[in-house]
Amino acid sequence: MKERLLRPYLAAKAQLYAAALLAIALGNIVQSLYPRVLGDFTDRLQHEALTPELISRSALMLAGIALLYSSLAGSGQYLIMRLGRNFERLTRKKLFKQFTRLSEAYYAKHGVGSMLSYVLNDVKSVREAISAGFNQTANAVILLGSAVVMMALSGLPLGLVAACVSPLLLIPPIVVYFGPRIRERSRLAQEELAAMTESAEEQIGGMRVTQKFAVEPMMEARFGARVDGVYGSQLRLVRLSSLFQALLPFLGSASLVVTLAAGGYHALSGNITVGMYVSLTLYVRLMIGPLQQIGNVINTMQRSRASLERIQELLASRPDIEDSPQAAELPQHADIAVRGLTFRYPGSSRPALDRVDLDIRYGRTTALVGRTGSGKTTLAKLLLRMMEPPAGAIRIGPSDIRDVTLRSLRGSIAYVPQDGFLFSTTLGDNIAFSKRDATASEIESASRQAMIYEQVQQFREGFGTRLGERGVTLSGGQRQRASLARGLVKEAPLLILDDSVSAVDAETETAIVSSIRRGRAGRTTLVIAHRISAIQHADEIVVLDEGRVVQRGTHEQLLLEEGLYAELAALQKGGMEHGRNGA
Ligand SMILES: Nc1ncnc2c1ncn2[C@@H]1O[C@H](COP(=O)(O)OP(=O)(O)OP(=O)(O)O)[C@@H](O)[C@H]1O
């Protein structure tokens, strides 16, 4: 399925396109008068003497033609280019909107680089077709048409005109043969380009890792292979399109040869005057330029059709997670009940979550612990509907989570991941990310709770400090805490801390989690952590192992039971003591 993109735009702007077309048409009709002026000039030379008056009259007429042509064709071109740029602007916004709706699963399959390629390369390619392409087509077709009409009107024998333009009749079959082939090669070239952009994005993003491991030659070879791929596919395209582009003017030149020979013959036998012979030759010469342009345009059009198809497919792809038709607002102050939740990632042989039952009571702190890979983050993502849980498996109050609007669900949850992405703006702006009207004191209080306030005060510009690309000026621990402050400022009914402060030492983590718990009395918090110390005060602790709930209870209860929790606690206690003794 495809979303129509171009036709509605062209229809909406039909009047402007028509105005541009009119200007271009008038310009070219005027231009096609010049062979006649020169033909007349030649005939007069034969019959009259060369006078200053004849020269100045002809020169003035040519100057008038040039002036009229330039101003008409120029304004037509300006209008067309403007319409093309406007299309580019609107399509880029449309694409970005679509990106915001695509789900986690889509992003897992498609890299950022290939998304960029849509916004940059494909949109540009379509724009070229409807601006430069349209302009050149209009110019060429009208000039060709008016040249033929002028030839016929100038009293030239029609048989002679037909003979002169006969080689041009080969153009349609050539276009039919080359068109689809150029389009297919263009599509392959655009795909290679998208793969290269994706590779560039990843390789540049991972440059610091590459340098630390001193594997530059391997990465150069990897990127080099992509660049070679683009080169190869572009070359295959260029070979075909060059041949095509050369064929059309060749046919034009063949017409010129026929014209010189047949026209010369007619002139010698007195059927036409020398002036008519001159203008006939000039008319045919005039047609070679547009033919070259048409070749160029057909190339551009085929390339951009491939791009247009790619864009339309992307715009038509429906986000796999959307509001259901009966979606309602999230119920307030409600408990969350997870029942028999089994979830398997696409292509994965074993479920990441297996028949999980769990209650997250409103206003309480619930904790999830378990070894790495036990499914904790998967559960958090299902609560956010970043992936779709099975129907009926997660209920919020009376509602199935799938029947709650995404906006109200995600608007009520502050999710703080382990590796929070920070934008290249100021620290304050990052913290106020989801609450644009957050006051300075709200930002300060969230930062104090996240224990980053003191450090921010040490920056010369405090919360006004700009972060570099992805916040590289902050240490891992600082970045985590800035991301935590961003989550806290939202003051959401449900806060999910997903290993959010693991980069600090155990004592600081415990202090942060305890202070958050106190600050959020009466609101729901779900804490995911590896360290027992961080979650020991939770109202209920749920222990996950290989996707299953293996234990649940309070810290004290779980310590008394034999099982994973007591094992983890003993292991971590030993580790901490070892750490202290070793220090
Ligand atoms: N996008 C994905 N596609 C396929 N499998 C995935 C995906 N994300 C996670 N998994 C798998 O699902 C299982 C659970 O992963 P999850 O991230 O939920 O674990 P976790 O308990 O949060 O781990 P950690 O404590 O290391 O963060 C793992 O086996 C993981 O490999």
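Numbering (the working numbering), first residue to last: 821 to 1403. We put the beta carbon where it would ideally sit given N, CA and C, even for glycine. Please read these numbers as outputs of a predicted model, since none were measured by experiment.
* **CB of Leu-976 within 8 Å of CB of Ile-1108, strictly** => Taking 8 Å as the Cβ cut-off, Leu-976 and Ile-1108 do not qualify as a contacting pair.
* Asked: Does DSSP classify Asp-1174 as helix, strand or coil?
  -> Residue state, collapsed to three classes: strand.
* Asked: So, are the CB atoms of Leu-1188 and Ile-1348 less than 8 Å apart?
  -> Going by C-beta atoms, Leu-1188 is nearer than 8 Å to Ile-1348.
* Just mark Asp-1177 as buried or exposed, buried being the case when its beta carbon has 16 or more other beta carbons within 10 Å. => Of the residues assessed, Asp-1177 falls on the exposed side of the cut-off, its CB having fewer than 16 other CB atoms within 10 angstroms.
* Where does Val-1035 sit, in a helix, a strand or coil, going by DSSP? -> Correct three-state label for Val-1035: coil.
* When DSSP labels each residue in this structure, what does Gln-1356 get in the three-state scheme? -> Correct three-state label for Gln-1356: coil.
* Asked: Just the Cα atoms here: how many angstroms apart are Asp-1257 and Gly-1282?
  -> Between Asp-1257 and Gly-1282, the C-alpha separation is close to 18 Å.
* **Identity of the residue in Gln-1031, Glu-1022, Asp-1048 and Leu-1068 nearest Gln-993 by Cα** => The sequence given here places Pro at residue 993; Gln does not occur at that position. Proximity to Pro-993 across Gln-1031, Glu-1022, Asp-1048 and Leu-1068 peaks at Leu-1068, based on C-alpha coordinates.
* Going by the beta-carbon positions, is the gap between Ala-1326 and Ile-1251 smaller than 8 Å? -> Not closer than 8 Å, so no.
* To do: Tell me whether Leu-1294 sits in a helix, a strand or coil according to DSSP, three-state version.
  => In the structure shown, Leu-1294 falls within a coil segment according to DSSP collapsed to helix, strand and coil.
* To do: Mind the definition here: the stretch 1217 to 1231 touches the stretch 1372 to 1379 only if three or more C-beta pairs lie below 8 Å; say whether that holds.
  => Verdict: no, contact absent.
* Leu-1111 beta carbon less than 8 Å from that of Gly-1049 -> Their beta carbons are not under 8 Å apart, which means Gly-1049 does not touch Leu-1111 by this criterion.
* Asked: Can you give the Cα-Cα distance for Ala-886 and Ile-849, rounded to whole angstroms?
  -> It is roughly 12 Å from the alpha-carbon of Ala-886 to the alpha-carbon of Ile-849.
* State the Cα-Cα distance for the pair Val-1324 and Gly-1297, rounded to the nearest angstrom. => In this structure, the straight-line span from the alpha carbon of Val-1324 to that of Gly-1297 is close to 6 Å.
* Among the residues of its own chain, which have a CB less than 8 Å from the CB of Glu-1149, if the five just before and after it don't count? -> Counting only residues of its own chain and dropping the five nearest sequence neighbours on each side, Glu-1149 has a CB closer than 8 Å to the CB of Val-1224, Thr-1225 and Ser-1228.
* What span of residues does the alpha helix (DSSP H) with Thr-871 cover, start to end? -> Per DSSP, Thr-871 lies in no alpha helix (DSSP H) and is assigned neither H nor E.
* Under 7 Å from any heavy atom of ligand 1, does the C-beta of Lys-1196 make it? -> Between ligand 1 and Lys-1196, a heavy atom-to-CB distance of less than 7 Å is present.
* Asked: Exposed or buried, Glu-1264, counting other C-beta atoms within 10 Å across all chains shown (16 or more means buried)?
  -> Under the 10 Å beta carbon count, Glu-1264 is surrounded by 16 or more other beta carbons and is classified as buried.
* To do: Could you say which of Gly-1212, Ser-1295 and Val-969 lies nearest to Ile-1156 if we only look at CA atoms?
  => Among Gly-1212, Ser-1295 and Val-969, the Cα nearest to that of Ile-1156 is on Gly-1212.
* Contiguous alpha helix (DSSP H) assignments of at least 4 residues, all confined to the stretch 1168 to 1250 -> Listed in chain order, they are 1196 to 1203 and 1226 to 1231.
* Figure out for me which residue from Lys-914, Gly-1044, Glu-1274 and Glu-1004 has the closest Cα to the Cα of Arg-1056. => When Lys-914, Gly-1044, Glu-1274 and Glu-1004 are compared, the shortest CA-CA separation from Arg-1056 is found for Glu-1004.
* Asked: Mind checking whether the beta-carbon of Ala-1172 lies closer than 7 Å to any heavy atom of ligand 1?
  -> Annotation for Ala-1172 indicates a beta carbon within 7 Å of some heavy atom of ligand 1.
* Three or more beta-carbon pairs under 8 Å between the stretch 1009 to 1026 and the stretch 1078 to 1094, yes or no? -> Judged by pairs of C-beta atoms under 8 Å, the stretch 1009 to 1026 does not touch the stretch 1078 to 1094, as fewer than three such pairs exist.
* Asked: What number of angstroms, rounded off, separates the C-alpha of Tyr-1165 from the C-alpha of Val-1158?
  -> Tyr-1165 and Val-1158 have their C-alpha atoms roughly 18 Å apart.
* Would DSSP call Leu-903 helix, strand or coil? -> Reduced to three states, the DSSP call for Leu-903 is helix.
* **Residues bridged to Thr-1344 (per DSSP)** => Partner residues in the beta bridge of Thr-1344, as assigned by DSSP, are Leu-1314.
* Asked: For Ala-1365, is the beta carbon positioned less than 7 Å from some heavy atom of ligand 1?
  -> Reading off the sequence, residue 1365 comes out as Asp, not Ala. The beta carbon of Asp-1365 sits no closer than 7 Å to any heavy atom of ligand 1.
* **Which of helix, strand or coil DSSP assigns to Ala-1157** => Look at Ala-1157 here: in three-state DSSP terms it is strand.
* **Whole-angstrom distance between Arg-824 and Ala-831, CA atom to CA atom** => If I take the Cα positions, the gap works out to 12 Å.
* Asked: Smallest Cα separation from Pro-1209: which of Thr-862, Ala-1172 and Phe-1064?
  -> Selection Thr-862, Ala-1172 and Phe-1064 evaluated against Pro-1209 yields Ala-1172 as nearest (Cα-Cα).
* Asked: What are the residues that DSSP puts in a beta bridge with Val-1369?
  -> Answer is Leu-1364.
* Asked: How should Asp-860 be labelled, buried or exposed, when 16 other C-beta atoms within 10 angstroms of its C-beta is the threshold for buried?
  -> Burial call: buried.
* Taking Tyr-837 as part of the alpha helix (DSSP H), name the residues at either end of that continuous run. => From DSSP, the alpha helix (DSSP H) with Tyr-837 extends over 834 to 851.
* Asked: How should Ile-1361 be labelled, buried or exposed, when 16 other C-beta atoms within 10 angstroms of its C-beta is the threshold for buried?
  -> Flag for Ile-1361 reads buried.
* Proximity winner among Phe-1070, Gln-956 and Val-946, relative to Arg-1123 (alpha-carbon distances) -> Minimum Cα distance to Arg-1123 is reached at Val-946.
* To do: Might you give, ordered along the chain, the residues of its own chain that have their beta carbon closer than 6 Å to the beta carbon of Phe-1279, omitting 5 neighbours on each side?
  => Result list for Phe-1279: Thr-1285, in chain order.
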